[in-house]
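Please read the structure below before turning to the comments.
Residue numbers (this note's numbering): 877 to 1187.
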């Protein structure tokens, strides 16, 4: 009876794997996409934006926790993941100081003001990306590849133009730093799957529901090239495998994860086909993040011993 229990906020540790270990594995999983993006956009010095944005996220968390006299938690790697994910969602030509603004917004406004790791109600990196899109629309939608400016392949596809799906698969095209190479993204995702970090229910239901939606409403039927172009473009793979699966902002119930993934798939298809933008992944994930409490409420299993509902 003299034992004292320390009750902390989620995520709760149920085995020997710590949050810091999971976050470190996510960083390792992001390395293929990061390194390819730095090489792919080497002429735009993408590495500067990656380094500065990630460092700003870590520094913002450290300074905030020091000022608030809270335990410093930068060694759990969650700030590194947030900063790196934000950087991978930015155009390589974006001024470095805008990356810093986004990183500070993600850490201070979205994460720390709501209690830190385990308390944020939406993905901090995506929230910061949407914040930057609102504040700096021109710079956030300015894309360059090999010295030539122009729209992303997904924007060309929406305009009815032909796109090279092989270039989109390998990553030799315009886009944000980390979204272009599906092969690099999947290499990192396979690592996380093998390590047991990613639950396949979320990305699986996301991708399948999205494919079904664009097949029905896209006007191309079962066109493999059209479907492949949509899957390879717009950061869908990066979002499905690395941001939709965020432990804090995704459901914990098995059926809830499937419903969550279907919501993101349908919203992404809705935004892409009927919205003004060719993208839609960021907004789909954030809106679904907001629906998580409701999803968990309706999918929460009844406690053992509880009977059926009375009339």
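Think of the CB as a built atom: it goes at the ideal place given N, C-alpha and C, for glycine as much as any other residue.
Would you call the CB atoms of residue i and residue j closer than 8 Å?
{"i": "residue 1117", "j": "residue 1163", "result": "no"}
{"i": "residue 1064", "j": "residue 1177", "result": "no"}
{"i": "residue 1007", "j": "residue 981", "result": "yes"}
{"i": "residue 1160", "j": "residue 1143", "result": "yes"}
{"i": "residue 1083", "j": "residue 1068", "result": "no"}
{"i": "residue 1111", "j": "residue 965", "result": "yes"}
{"i": "residue 949", "j": "residue 992", "result": "yes"}
{"i": "residue 919", "j": "residue 1036", "result": "no"}
{"i": "residue 1090", "j": "residue 1145", "result": "yes"}
{"i": "residue 1125", "j": "residue 996", "result": "yes"}
{"i": "residue 969", "j": "residue 1020", "result": "yes"}
{"i": "residue 1040", "j": "residue 1119", "result": "no"}
{"i": "residue 910", "j": "residue 959", "result": "no"}
{"i": "residue 1026", "j": "residue 1050", "result": "yes"}
{"i": "residue 1098", "j": "residue 1127", "result": "no"}
{"i": "residue 1028", "j": "residue 1094", "result": "no"}
When DSSP labels each residue in this structure, what does residue i get in the three-state scheme?
{"i": "residue 1025", "result": "strand"}
{"i": "residue 1073", "result": "coil"}
{"i": "residue 1128", "result": "coil"}
{"i": "residue 1171", "result": "helix"}
{"i": "residue 902", "result": "helix"}
{"i": "residue 877", "result": "Residue confidence for residue 877 is low, a pLDDT of 49 falling below 50, so the modelled location carries little weight; the figure read from the coordinates is stated next. Looking at residue 877 - three-state DSSP - the assignment turns out to be coil, as it is neither helix nor strand."}
{"i": "residue 1020", "result": "strand"}
{"i": "residue 1155", "result": "coil"}
{"i": "residue 954", "result": "helix"}
{"i": "residue 1123", "result": "coil"}
{"i": "residue 928", "result": "helix"}
{"i": "residue 1055", "result": "coil"}
{"i": "residue 916", "result": "helix"}
{"i": "residue 1092", "result": "helix"}
{"i": "residue 997", "result": "coil"}
{"i": "residue 1050", "result": "coil"}
{"i": "residue 1097", "result": "coil"}
{"i": "residue 908", "result": "helix"}
{"i": "residue 987", "result": "helix"}
{"i": "residue 992", "result": "coil"}
{"i": "residue 1178", "result": "coil"}
{"i": "residue 894", "result": "coil"}
{"i": "residue 967", "result": "coil"}
{"i": "residue 1007", "result": "helix"}
{"i": "residue 1012", "result": "coil"}
{"i": "residue 921", "result": "coil"}
In whole angstroms, what separates the C-alpha of residue i from that of residue j?
{"i": "residue 877", "j": "residue 989", "result": "Bear in mind that the predicted position of residue 877 carries a pLDDT of just 49, short of 50, making it unreliable; the figure below should be weighed with that in mind. About 36 Å."}
{"i": "residue 906", "j": "residue 932", "result": "18 Å"}
{"i": "residue 1168", "j": "residue 1043", "result": "35 Å"}
{"i": "residue 1166", "j": "residue 1016", "result": "24 Å"}
{"i": "residue 1138", "j": "residue 977", "result": "32 Å"}
{"i": "residue 1187", "j": "residue 1158", "result": "Note on residue 1187: pLDDT 47, under 50, position unreliable in the model; the coordinate value appears next. Roughly 42 Å separates the two Cα atoms."}
{"i": "residue 939", "j": "residue 945", "result": "10 Å"}
{"i": "residue 896", "j": "residue 1151", "result": "38 Å"}
{"i": "residue 902", "j": "residue 952", "result": "12 Å"}
{"i": "residue 1173", "j": "residue 1134", "result": "14 Å"}
{"i": "residue 1147", "j": "residue 972", "result": "29 Å"}
{"i": "residue 927", "j": "residue 915", "result": "14 Å"}
{"i": "residue 923", "j": "residue 917", "result": "8 Å"}
{"i": "residue 1156", "j": "residue 1077", "result": "21 Å"}
{"i": "residue 1012", "j": "residue 941", "result": "28 Å"}
{"i": "residue 833", "j": "residue 943", "result": "Since the first residue of the chain shown is 877 and the last is 1187, residue 833 is not available in this structure."}
{"i": "residue 1115", "j": "residue 1055", "result": "9 Å"}
{"i": "residue 1130", "j": "residue 1071", "result": "19 Å"}
{"i": "residue 1088", "j": "residue 898", "result": "32 Å"}
{"i": "residue 961", "j": "residue 1096", "result": "33 Å"}
Pick out whichever of the options has its Cα sitting closest to the Cα of residue i.
{"i": "residue 1001", "options": "970, 991, 963 and 1012", "result": "963"}
{"i": "residue 1030", "options": "914, 1102, 973 and 911", "result": "1102"}
{"i": "residue 1113", "options": "947, 911, 952 and 1086", "result": "1086"}
{"i": "residue 967", "options": "938, 1081 and 1018", "result": "1018"}
{"i": "residue 954", "options": "1033, 987, 1076 and 973", "result": "987"}
{"i": "residue 925", "options": "1154, 1174 and 979", "result": "979"}
{"i": "residue 985", "options": "936, 1009 and 921", "result": "936"}
{"i": "residue 900", "options": "1021, 1049 and 957", "result": "957"}
{"i": "residue 1153", "options": "922, 1079, 902 and 1032", "result": "1032"}
{"i": "residue 1052", "options": "921, 934, 1147 and 904", "result": "921"}
{"i": "residue 1081", "options": "1025, 1140, 1027 and 971", "result": "1140"}
{"i": "residue 904", "options": "1061, 1034, 1093 and 1076", "result": "1061"}
{"i": "residue 1136", "options": "1096, 1079 and 1088", "result": "1079"}
So, is the C-beta of residue i closer than 8 Å to a C-beta in chain B?
{"i": "residue 1064", "result": "Note that chain B does not occur in the displayed structure, where there is just one protein chain."}
Which stretch, first to last residue, makes up the alpha helix (DSSP H) that contains residue i?
{"i": "residue 1038", "result": "First-last for residue 1038: undefined, no H or E at that position."}
{"i": "residue 1117", "result": "Here residue 1117 belongs to no alpha helix (DSSP H), and DSSP marks it neither H nor E."}
{"i": "residue 1106", "result": "1100-1108"}
{"i": "residue 948", "result": "Segment: none, residue 948 is in no alpha helix (DSSP H) and carries neither H nor E."}
{"i": "residue 979", "result": "972-980"}
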